[in-house]
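Peer 1: Pasting a structure below so you can have a look.
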Amino acid sequence: MNTTDLYHDSRVVRSLVDQIHKASRGLPRSITIMEVCGTHTHAIARAGLRHLMPEEIRLISGPGCPVCVTPVSFLDRALVLGRRPSTRLATFGDLYRVPSSSLSLETAHAEGIQVDIVYSPRDCMKLARENPDELIIFLAVGFETTAPTIAALLVEADQSNLSNLMILPGNKIMPPPLRTLSEDPDLQVDGFLLPGHVSVVIGAAAYAFLPDEYEKFSAIVGFTPADILRGVLEIVKQVKDETPCVRNLYERVVSDGGNRNALALMDRVFHPCDAEWRGLGVIPGSGLTLREPFAHRNAERIDVDMPPAREPAGCRCGDILKGTLDPPGCPLFGKECHPDNPVGACMVSSEGSCSAWYRHEKRSL
Amino acid sequence: MCLAVPMKLIERADTEGVVELNGVQRTVSLMLLPDARVGNYLLIHAGYALSEIDETEARETLALLGELAACAEEA
Amino acid sequence: MKPERLIQLAHGAGGRAMQSLIRDLFLNHFQNPHLEPLSDAAVLSPISGGRPALTTDGFVVDPPIFPGGDLGHLSICGTVNDLAVAGARPREITWALILEEGCPIDLVERCVISAAKAAREAGVSIVAGDTKVVPRGRGDRIFIVSAGLGIVPEGRDTGDHRLSTGDLLILSGPPGDHAAAIMAARHGLAPGSLVSDCAPVNGLVEALFEDKVDVHTMHDPTRGGLTAVLNEMAFRSGLALRIHESDVSINPAASTVFELLGLDFLSMASEGRILLALPSSHAERAIRCLRSHPLGRDASVIGEVLGPHQDRAPVTIKNAYGVERVLDLLSGSDLPRIC
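Chains as they are written, first to last, in my numbering: chain A, 561 to 925; chain B, 108 to 182; chain C, 1029 to 1367.
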C-alpha cells in the first residue's frame, strides 16, 4: 500500500479526531478556528471534516479564495478590455463563471469575447505566439503561491521579446488581511490554519506578528485530512497551554525563510499596493501591481471607459468572507443564489465558501 | 489557494524540467527553483516547481502518521 | 515530401471527389453488403424476437486523437453502449461525418479505420453514412454523428422503473480513465500508461444476461460521470441512492491527472464502464460474471438504493471517515482550476 495514503487513511483520521475531542474537553470555552485558503475550504468540505469536530470547535472560512475576494470592478475592466478589437483574454478556470456587474467570462465568451482558459501562466506564452496579431491579456489573480509564477511568466516574455502579452494585475498577498482580521473587534477568531502553499513561498517567519502582536494561535498546514486535523489539534493545545505561536506542521515543504528565488522574482516584477478586497474593503499594501520596468505589460494602463461597478443586491459575500456569517445564514443561499445561478463569487468559484458548502455539506431541503 | 502536487523530477535542461507521478509526466519551469535536483520530489503548482520535498521531514511525518494509524487499530 | 492531403469543399459536394472519398475510405474499410449499393437508405431484414431500440449521439471531442483512442472508435462505442445499457443487442449503425475544409484526410482515414475496428469488436454493421464539408472555420476538423439500432429481446425489461429499495449498485471498473486521457492530451500531460477506457460493453452486458443475473437497470457513466447518472436514476425513480467512496477505486494515473487539474473524479466521464442496479441476492453472481470478462476485471459493489428520497438529498456519498455528504449535479462543465 502506498504510504502517502496515510494522509487520507481513516485510522489516522479517527486517531486525530479522537485526540481533538479529548483535548477539547479541557478547553475553557468554545473556540473558533479560521482557515484562509480556498484549497483548505475545499479540502475540509470534501472530507467532511467539519462534521467530525466536537461542539467546542467551530471551523470557519475566511477570505482565502483569491477569486472570491477579487472585486467586481476587476472583472468589469477585463470584459471592457476583452471587447477591444484583436484582444483575447486568458484566465484560470477558477474565474470563468464569476459574475461581474453584467456578464461572466463564460457568458461573454458565448457572446463573442475571446476567452481562453489556461492551466498555467506559461500557456499564455503559447497563446501569444500562436496569435501574433492579437493582444493577450492574462487575468492575474491568486496569492503568493501563484504570483511568483506570473512574475516568472513576464520575465520569460521579456527574455523572448514577446510583445503581445500583458496582464491585468489582480494578485493579492496574505499577511495584510490576517492583520486586518485580527484587528477587527467583530471577529471572534482564536486561531488560524495557515495556508501551506502560500507559506512555501513566503516562509513561516512571515506570520510572526500573529502571536507576537495579537496573541493568535496558529499552525501552518498542508491540505490532506491528516495535515488539517493535526493543525486543529495543535491549535487546541496552544489555546489550552495559552502559548500562542506559529507552529509549522508542513515542514516537508515549508521553511522559515520561504522560497527566496520566488520572493526575489516577485519583488523584481511586482510591488505592493493598496487593494480592494470584496467584503473587506481596501486593505493597505495587500495587492500587487507591476513595477515601472514592466509597465509595458500592465493592461491597467490601457485607457478604457469603465461603467460603474455594481455589486449584486442582497449578496452577503462580504460577511461570509469575514467569517461572521456561514453560507446558510445568507438569505440568498440555495434560493436565488446557487451554482447554476450564482449571485456572488462565493457561490461561483469552485473554491468559494458557498459553493463548497453547497456541493459537499449536508443541507436540509 | 492553491493546488500543488508532489512529482518526481526525472530530467532537466536549463530552467525546464520533466516531472512524473504515477506514470503521468509534465514539463515544468524551474525558474522558481533553479537548484532542483533530478531524482527529488518537487511541489508543482500551475506548471512551476515551488519547492523540493524534504525527504527527512516527509519520512518523519509518515512515521508519525503510521503511529497514529497503529494507535487507532489498538483502540 | 508529399503535401498533406486535405479535405476540400468538393468532398462534400456529391460529385467525383466525394465518390472517390466514399469508395477509398468508407467502402474500403466498412465492408458490408448493406453499404455496397450506396442506396439512399439501408433496407434491413425483418425484425423479430423483441422490440427495436434506437439511439443517436454526436461526437465532437477535442482532441480527436487521444491516448488509447480517437473520435472514430468513440463514435461507435458510444452508440453501441447506449443501446447495450438499455438492454438492447446492437445491430446496425449509421455514421455521418461533418468535416471542416482543411481537415487532414489522414485524420479522417484514421477515424474510419478505428470505427471499422470498433464495429467489428462490437459485432455491429455500419449500414449507412453521410459526408458533409463545411468551410474552414465553421467546424473543428471532424464531427461525427452516429445512430444505432438494436433489439431488446423478448422478456427482457430493464430501466430505472425497475429500481427497488434494497438494490445494490455495481460499477464494472475504475471510473474516469477516458476523461483523464482526454484532459491529459488537452493540457500537455504525457499520460504514461493511462489510456481511455473507451470500449463496446455489449459483450459484458450479454454475459450478465446469459448468467441469468436479474439486472434491474444499467447506465454508462459518460459525460458528468457517476454524479450525473446517479442523480438521473434518483430523479426518475424517486428513490435515494448512496455510494461508498472507499469502494470506488480509480487508476493512480487518472487520479494524478485529476489532482493536477483540480478535477473531481466523481464527475469524470468513462466510455467503457457500466453502472448497474440489481437485487442484493444477485450481486455476488454478477461480480463473478463481470470479473471473468476482460472489461469487468475490477467490478465492485459501490453502493445501494434506499427508500424514497422525499425531502432528503437524492444522492449521497459516504466517505472513509463515516461522513455522508450530498452528491449534487454539477452546474456547467467542471473546469480545471489552480486554486
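For each residue, glycine too, the CB sits at the ideal point set by N, CA and C. These numbers come from a predicted model, not from an experiment.
Compute every distance between the C-beta of A/Ser-720 and the non-hydrogen atoms of the ligand NAD, then say whether any falls below 7 Å.
Peer 2: No copy of the ligand NAD occurs in the structure displayed, which carries no ligand at all.
Peer 1: For a test of the three-state rule: what should DSSP assign to C/Val-1089, helix, strand or coil?
Peer 2: Of the three classes helix, strand and coil, the one that applies to C/Val-1089 here is coil, per DSSP.
Peer 1: Beta-carbon within less than 8 Å of A/Ala-583's beta-carbon, same chain only, minus the 5 sequence neighbours each way: which residues are those?
Peer 2: Cβ within range, chain order: Leu-793, Val-796, Lys-797, Lys-800.
Peer 1: Within 8 Å (strictly less), CB to CB, does A/Glu-811 reach chain B?
Peer 2: Taking Cβ atoms only, chain B reaches closer than 8 Å to A/Glu-811, which makes this a yes.
Peer 1: What's the gap between the Cα of A/Leu-609 and the Cα of A/Val-572?
Peer 2: In a straight line, the C-alpha of A/Leu-609 is about 13 Å away from that of A/Val-572.
Peer 1: Which residues mark the beginning and the end of the alpha helix (DSSP H) in which A/His-757 is found?
Peer 2: It spans 756-762 - the alpha helix (DSSP H) in which A/His-757 sits, taken as one unbroken run.
Peer 1: On the criterion of 16 or more Cβ atoms from any shown chain inside 10 Å, does A/Pro-867 qualify as buried, or is it exposed?
Peer 2: Exposed, because fewer than 16 other Cβ atoms sit within 10 Å of the Cβ of A/Pro-867.
Peer 1: What is the DSSP secondary structure of A/Tyr-774, counted as helix, strand or coil?
Peer 2: A/Tyr-774: helix per DSSP, three-state reduction.
Peer 1: Using a C-beta to C-beta distance shorter than 7 Å, which residues of chain A count as neighbours of B/Glu-180?
Peer 2: In chain order: Arg-571.
Peer 1: According to a CB-to-CB cut-off of less than 8 Å, which residues of the stretch 114-139 of chain B neighbour chain A?
Peer 2: Within the stretch 114-139 of chain B, the qualifying residues are Ser-136, Met-138, Leu-139.
Peer 1: To the nearest angstrom, how far is the alpha carbon of A/Gly-817 from that of A/Leu-881?
Peer 2: Each residue's Cα considered, the two are about 28 Å apart.
Peer 1: Once you ignore the five residues that flank A/Asp-787 on each side, which residues in its own chain have a CB closer than 8 Å to its CB?
Peer 2: Tyr-567, Gly-756, Val-781, Leu-809, Tyr-810.
Peer 1: So what does DSSP say about A/Gln-674, is it helix, strand or coil?
Peer 2: Three-state result, A/Gln-674: coil.
Peer 1: State yes or no: is the beta carbon of B/Ala-153 nearer than 8 Å to at least one beta carbon in chain C?
Peer 2: Interface residue, yes.
Peer 1: At a Cβ threshold of 8 Å, is A/Cys-906 touching chain C?
Peer 2: False, the Cβ-Cβ gap to chain C never drops below 8 Å.
Peer 1: Step through the CB atoms of chain B and report whether any lies within less than 8 Å of the CB of C/Leu-1294.
Peer 2: Cβ-Cβ to chain B under 8 Å: no for C/Leu-1294.
Peer 1: Counting C-beta neighbours from all protein chains within 10 Å, is the total for C/Ser-1274 16 or more, i.e. buried, or is it exposed?
Peer 2: By the neighbour-count rule (16 or more Cβ atoms within 10 Å), C/Ser-1274 is not buried but exposed.
Peer 1: Using 8 Å as the cut-off, can you tell me whether the stretch 126-141 of chain B makes contact with the stretch 1263-1283 of chain C, which would need three or more C-beta pairs spanning the two stretches below that distance?
Peer 2: Result yes; three or more Cβ-Cβ pairs closer than 8 Å.
Peer 1: Please list, in chain order, the chain C residues whose beta carbon lies closer than 7 Å to that of A/Ile-617.
Peer 2: Going along chain C, no residue has its Cβ under 7 Å from A/Ile-617, so there is no contact; the nearest lies around 16 Å.
Peer 1: Helix, strand or coil for C/Val-1136 per DSSP?
Peer 2: Three-state result, C/Val-1136: helix.
Peer 1: Count the other C-beta atoms from every protein chain shown that fall within 10 angstroms of the C-beta of A/Asp-827, then say buried if there are 16 or more, exposed otherwise.
Peer 2: Classification of A/Asp-827: exposed, given that the 10 Å Cβ count is below 16.
Peer 1: DSSP puts B/Glu-159 in a beta bridge; with which residues?
Peer 2: BP columns for B/Glu-159 point to B/Leu-149.
Peer 1: Please classify C/Thr-1193 as buried or exposed, where buried requires at least 16 other C-beta atoms within 10 Å of its C-beta.
Peer 2: That one is exposed.
Peer 1: Answer yes or no: does any C-beta atom of chain A fall closer than 8 Å to that of C/Val-1257?
Peer 2: No, C/Val-1257 lies away from the interface with chain A (no Cβ there is under 8 Å from its Cβ).
Peer 1: Give me the subset of the stretch 660-681 of chain A whose CB atoms are less than 8 Å from a CB atom of chain B, sorted by chain position.
Peer 2: Cβ contacts with chain B come from Tyr-679, Ser-680, Pro-681.
Peer 1: Could you check whether the Cβ of C/Val-1351 sits closer than 8 Å to any Cβ belonging to chain A?
Peer 2: So, interface residue.
Peer 1: Quick one: Cα of A/Ser-915 to Cα of A/Ala-638, how far?
Peer 2: Cα to Cα, the separation comes out at about 23 Å.
Peer 1: Is it buried or exposed for C/Gly-1183, if we count other Cβ within 10 angstroms and need 16 for buried?
Peer 2: Result: exposed.
Peer 1: Report the partner residues of B/Glu-164 according to the DSSP bridge assignment.
Peer 2: Answer by DSSP bridge pairing: none, since B/Glu-164 is not bridged.
Peer 1: Return helix, strand or coil for C/Ala-1081, following the three-state DSSP convention.
Peer 2: DSSP places C/Ala-1081 in strand when its eight states are reduced to three.
Peer 1: Can you look up C/Ile-1328 in the DSSP assignment and give me helix, strand or coil?
Peer 2: Note that residue 1328 of chain C is Ser in the sequence shown here, rather than Ile. Strand.
Peer 1: Can you confirm whether the stretch 632-646 of chain A touches the stretch 656-669 of chain A when touching is taken to mean that 3 or more C-beta pairs between the two stretches lie within less than 8 Å?
Peer 2: Yes, they touch.
Peer 1: Taking C-beta pairs closer than 8 Å, name the residues in chain B that C/Arg-1365 reaches, listed in chain order.
Peer 2: The answer, in chain order, is Leu-110.
Peer 1: Roughly how far, in whole angstroms, is the beta-carbon of C/Val-1241 from the beta-carbon of C/Ala-1314, given that I think they are within contact range, below 8 Å?
Peer 2: So it is a contact: roughly 5 Å between Cβ atoms.
Peer 1: Any chance you could list the alpha helix (DSSP H) runs of at least 4 consecutive residues sitting entirely within the stretch 1238-1293 of chain C, in chain order?
Peer 2: Here the runs fully enclosed are 1253-1265, 1280-1289.
Peer 1: Below 8 Å between beta carbons is the criterion; list the residues of the stretch 1221-1242 of chain C that meet it against any residue of chain B, in chain order.
Peer 2: Within the stretch 1221-1242 of chain C, the qualifying residues are Ser-1221, Leu-1222.
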